[in-house]
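In UniProt numbering, the protein residues as written are 1 to 115.
All C-beta atoms in this analysis are idealised placements derived from N, C-alpha and C, irrespective of residue type, glycine included.
Working notes for the structure below.
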């Protein structure tokens, strides 16, 4: 399962870097979202997959068989933060599009567009 997750994480990072390097502001925002999802999956995979142990101690559960709840807590916090940042970026991009009538980064800078 970890091998499959490694390929999925690699693909997410590849797609995110490809989108971030484009000139469209919307693609850059989608790329940052994909990059954060890849990081969440990486943290989850590093925390261990396939463990059937509960994340909390109960009667009859030894400390050594307890699952580590820290990766899930970190990912939950990171998801909330990335949602807020993505919403802010989308509002900022919408406002920039209203003012400048383009989402091309070069045209926003005032450089000529060669296509």
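Contact between the region 18–28 and the region 100–108 is established, with three or more Cβ pairs separated by less than 8 Å. The three-state secondary structure of residue 24, taken from DSSP, is strand.
Judged by their CB atoms, residue 41 and residue 12 are nearer to each other than the 8 Å cut-off. The residue from 89, 17, 95, 70 with its alpha-carbon nearest to that of residue 43 is 70. Secondary structure note for residue 84: its alpha helix (DSSP H) is the uninterrupted segment 70–100. Across the structure, residue 80 and residue 88 are spaced so that their CA atoms are roughly 13 Å apart. Looking only at 23, 35, 33, 39, the smallest Cα-Cα distance to residue 111 is reached by 23.
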